[in-house]
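Student:
There are 2 protein chains.
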Amino acid sequence: MGFLNGIEYLDHLAYDSVIFGFAGDNLKILLMEYHDTALFALPGGFVQVDEDLNDAVRRGLAERTGLQNVYLEQFYTFGDAKRNLTGEMNKILNANNLGDDSVKWILNRFVSVAYLALINYKNVNPRPDEISDSCTWYDVNNLPPLIQDHTLIVEKALMTLQSQLDHKIPIFELLEEQFTMAELQRVYEVILNESLHRGSFQRKMLSLGILKRHEKQFNGGAHKAPYLYSFLK
Amino acid sequence: MGFLNGIEYLDHLAYDSVIFGFAGDNLKILLMEYHDTALFALPGGFVQVDEDLNDAVRRGLAERTGLQNVYLEQFYTFGDAKRNLTGEMNKILNANNLGDDSVKWILNRFVSVAYLALINYKNVNPRPDEISDSCTWYDVNNLPPLIQDHTLIVEKALMTLQSQLDHKIPIFELLEEQFTMAELQRVYEVILNESLHRGSFQRKMLSLGILKRHEKQFNGGAHKAPYLYSFLK
DNA sequence: CTTTAATGTCTCAAAATGCGACAATAATCG
DNA sequence: CGATTATTGTCGCATTTTGAGACATTAAAG
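Heads up: the sequence lines are chains A and B, in that order.
For the first sequence, the numbering used here begins at 16 and goes up steadily by one.
For the second sequence, the numbering used here begins at 16 and goes up steadily by one.
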């Protein structure tokens, strides 16, 4: 077991979360930068000895974003023996004056269970923890270099999103309560990384019977004002 | 850490494998029965301290089935704090005279990474390990009661199979090198748990361009002899 | 008032799908 | 040995889904 701030955690087990938001025209994820290291990482954490794995991830997510009840899905567990580079972790520990023996367990090998979350960009107030300078949004197609195998984790998260876009993923978690058809289409296009035909997309979405149409908005933009939609539930 | 037969394993981390085969007209999975306990479980194991998680699972699979290079896919990690019922494990340890302190670590909480495998029923020679009486096939729709949350693990494996049947799953791993269209259709029907229209299924499969048609077989059965097919690769 | 560009909808062709029907075939049985 | 029977491969047809362009509508900009 390992201790951190007096709390006991399972050794060798961690989680990392790929937290997706949608802003402007692009998918973003939350990244943390550690003090004085220029090392970027996915927000992650450890599992307390009597805590459900899923609860641990929700706890960490709430601490980082202030959000409860977000859409959260486990997608893969990364367990290569060599995935933990002790050099990087040493640098982080030293920069934070955490070099004493009581936290040496953090340098051990860790198997990490990876989760993806879909959240509304605007509802979030990212909060860095004690050992990180920042916790901010980065464009998924323009990430800084990440520690360990975190780039691979992000790639796998994206693949999971793509493969599940048709069925299971509640895309509305990424959008405002009300949104235009163009915004919805843009989310699909960014996740699938391909452009879709406007007419066909609109017809398909409306035929699914999952959208409620509201009055037209007067959004101040030029040209014909679009309807607003929301997801039925 | 924990030791077993002089080998060191990561504590708190295990894997379980749902090994699918297709025989007669049904999906089957491999289950183990522990000595003198009437307890059934999925074949599983532990991860050595310097071993990749995926390698550990392949090692265990080879030991149980004698097979190398099988299709293997990680599908979920089960991490509830209460998923390990010490009563069941105690019973198993006692029945095997393993009650001494050196294996008490097995009674700890374990997070288990679950894998599914697709293998050819006929190529397998299931081998029980030291603490199990048997390692044999059971019809997926008629399983004995399983320990811990293993029934849940099987259900999730089946759901994963269903959701991936269209895209990613190499179904041919379940079949002989050559097979009839009726056999292939039966595999789909069993996994999807619904009957399919014969003509449409044949047309669809042939249109995919992934099948090679061979000469007709003389299978000794009555009626018109069907073509044999194999998957292109 | 005209221009411009985004929006909602429609039409048409092409493709995919559901479902039944038909002829061909090979073992079985009278 | 010929008729029966059940299975197979294929086809036809109606229906549904999809891809792509076209049109009128609309609201801001010039």
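Note that CB positions come from ideal geometry on N, CA and C, so glycine has one too.
Fair warning: this is a prediction, and the values are worked out from it, not measured in the lab.
Is there a Cβ from chain A that is less than 7 Å from the Cβ of B/Asp181?
Tutor: No, because no Cβ of chain A sits closer than 7 Å to the Cβ of B/Asp181.
Student: Under 7 Å between C-beta atoms, does B/Leu76 make it to chain A?
Tutor: Answer no: the Cβ-Cβ gap between B/Leu76 and chain A never drops below 7 Å.
Student: Can you give me the C-alpha to C-alpha distance between A/Asp115 and A/Asn69, rounded to a whole angstrom?
Tutor: Near 30 Å, if we compare the C-alpha coordinates of A/Asn69 and A/Asp115.
Student: What residue from B/Phe18, B/Thr151, B/Leu199 has the CA that sits closest to B/Arg218's CA?
Tutor: For the residues B/Phe18, B/Thr151, B/Leu199, the minimum Cα distance to B/Arg218 belongs to B/Leu199.
Student: Quick check: the Cα distance between A/Arg228 and B/Ser245, rounded to an integer number of angstroms?
Tutor: Rounded to the nearest angstrom, the two C-alpha atoms are 50 Å apart.
Student: Looking at the structure shown, is B/Ile134 part of a helix, part of a strand, or coil, going by DSSP?
Tutor: The answer is coil: DSSP assigns B/Ile134 none of H, G, I, E or B.
Student: At which residues does the alpha helix (DSSP H) containing B/Val202 begin and terminate?
Tutor: That run of the alpha helix (DSSP H) goes 196-207.
Student: For B/Glu78, which three-state DSSP category applies?
Tutor: In this structure, B/Glu78 counts as helix in the three-state DSSP scheme.
Student: On a CA-only basis, which of A/Val202, A/Lys137, A/Ile146, A/Leu82 is nearest A/Asn111? Give me that one, please.
Tutor: The option with the nearest alpha carbon to A/Asn111 is A/Ile146.
Student: Quick check on the DSSP output: the alpha helix (DSSP H) that includes A/Gly17 runs from which residue to which?
Tutor: No alpha helix (DSSP H) contains A/Gly17, which is instead part of the beta strand (DSSP E) from 17-19.
Student: Against chain A, does B/Val118 count as a neighbour if the rule is that its beta carbon must be under 7 Å from one of theirs?
Tutor: For B/Val118, the answer is no, since every Cβ of chain A falls outside 7 Å of its Cβ.
Student: Can you find a CB in chain A that lies within less than 7 Å of the CB of B/Asp95?
Tutor: So, interface residue.
Student: Which of helix, strand or coil does DSSP assign to A/Asn41?
Tutor: Strand at A/Asn41.
Student: Buried or exposed for A/Thr101, please, with buried defined as at least 16 other CB atoms from any protein chain shown within 10 angstroms of its CB.
Tutor: The residue is exposed, with fewer than 16 neighbouring Cβ atoms inside 10 Å.
Student: So with CB distances below 7 Å, who are the chain B contacts of A/Leu28?
Tutor: By Cβ distance, chain B contributes His27, Leu28, Val126.
Student: Between the alpha carbons of B/Gly81 and B/Asp154, how many angstroms are there, rounded?
Tutor: Looking at the two C-alpha atoms, the distance is approximately 21 Å.
Student: Starting from B/Thr166, trace the alpha helix (DSSP H) in both directions and tell me its first and last residue.
Tutor: Taken as a continuous stretch (DSSP letters only), the alpha helix (DSSP H) holding B/Thr166 covers 165-179.
Student: By how many angstroms is the C-alpha of A/Glu66 removed from the C-alpha of A/Phe37?
Tutor: When rounded, the distance between both Cα atoms is 31 Å.
Student: List the residues of chain A that B/Leu158 touches, going by C-beta distances under 8 Å, in chain order.
Tutor: Result: empty, since nearest Cβ-Cβ is about 24 Å, beyond 8 Å.
Student: Relative to the C-alpha of A/Leu46, which residue among A/Glu170, A/Asn234, A/His165 is closest?
Tutor: The option with the nearest alpha carbon to A/Leu46 is A/His165.
Student: For A/Gln89 and A/Val33, which I take to be in contact (beta-carbon distance under 8 Å), what is that distance rounded to the nearest angstrom?
Tutor: No, A/Gln89 and A/Val33 are not in contact; Cβ-Cβ is about 11 Å, not under 8 Å.
Student: Taking DSSP as the reference, what is the three-state secondary structure of B/Ser32?
Tutor: The answer is strand: DSSP assigns B/Ser32 an E or B state.
Student: Whose CA, out of B/Leu223, B/Met196, B/Gly224, lies closest to the CA of B/His212?
Tutor: Among B/Leu223, B/Met196, B/Gly224, the Cα nearest to that of B/His212 belongs to B/Met196.
Student: Which bits of chain A does B/Gln89 rub up against, with CB to CB less than 7 Å?
Tutor: Tyr91, Thr92, listed in chain order.
Student: Just checking: is the beta-carbon of B/Asp65 within a distance shorter than 7 Å of some beta-carbon in chain A?
Tutor: Chain A, which has a Cβ nearer than 7 Å to the Cβ of B/Asp65, makes this yes.
Student: Rounded to whole angstroms, what is the Cα-Cα separation between B/Asn140 and A/Phe216?
Tutor: Distance between the alpha carbons of B/Asn140 and A/Phe216 is about 51 Å.
Student: Closer than 7 Å, CB to CB, is A/Leu19 near chain B or not?
Tutor: Answer no: the Cβ-Cβ gap between A/Leu19 and chain B never drops below 7 Å.
Student: To the nearest angstrom, how far is the alpha carbon of A/Ala240 from that of A/Leu122?
Tutor: Rounded to whole angstroms, A/Ala240 to A/Leu122 spans 56 Å at the Cα level.
Student: Would you call the CB atoms of B/Phe61 and B/Ala96 closer than 7 Å?
Tutor: It is not a contact, given that the beta carbons lie outside the stated cut-off.
Student: Whose C-alpha, out of B/Gly21, B/Asp148, B/Ile44, B/His27, is nearest the C-alpha of B/Ala172?
Tutor: When each option's Cα is compared against that of B/Ala172, the closest is B/Ile44.
Student: When you compare only the Cα positions, how much space is there between A/Arg185 and A/Arg74?
Tutor: Residue identity check: residue 185 of chain A is Pro in the sequence provided, not Arg. About 21 Å.
Student: Taking A/Asn234 as the query, report the chain B residues whose CB atoms sit under 7 Å from its CB, ordered along the chain.
Tutor: Simply none; closest approach about 38 Å.
Student: Excluding the five sequence neighbours on either side, which residues of its own chain have a C-beta within less than 8 Å of the C-beta of B/Leu226, listed in chain order?
Tutor: Result list for B/Leu226: Met220, Tyr244, Ser245, Phe246, Leu247, in chain order.
Student: Alpha carbon to alpha carbon, how far is A/Gln177 from B/Met16? Give it in angstroms, no decimals.
Tutor: Using only the alpha carbons, I get a separation of about 38 Å.
Student: Hey, does A/Leu207 have any beta-carbon neighbour from chain B nearer than 7 Å?
Tutor: No, no contact with chain B.
Student: Can you tell me which of the three DSSP states A/Ala71 falls into?
Tutor: It is helical.
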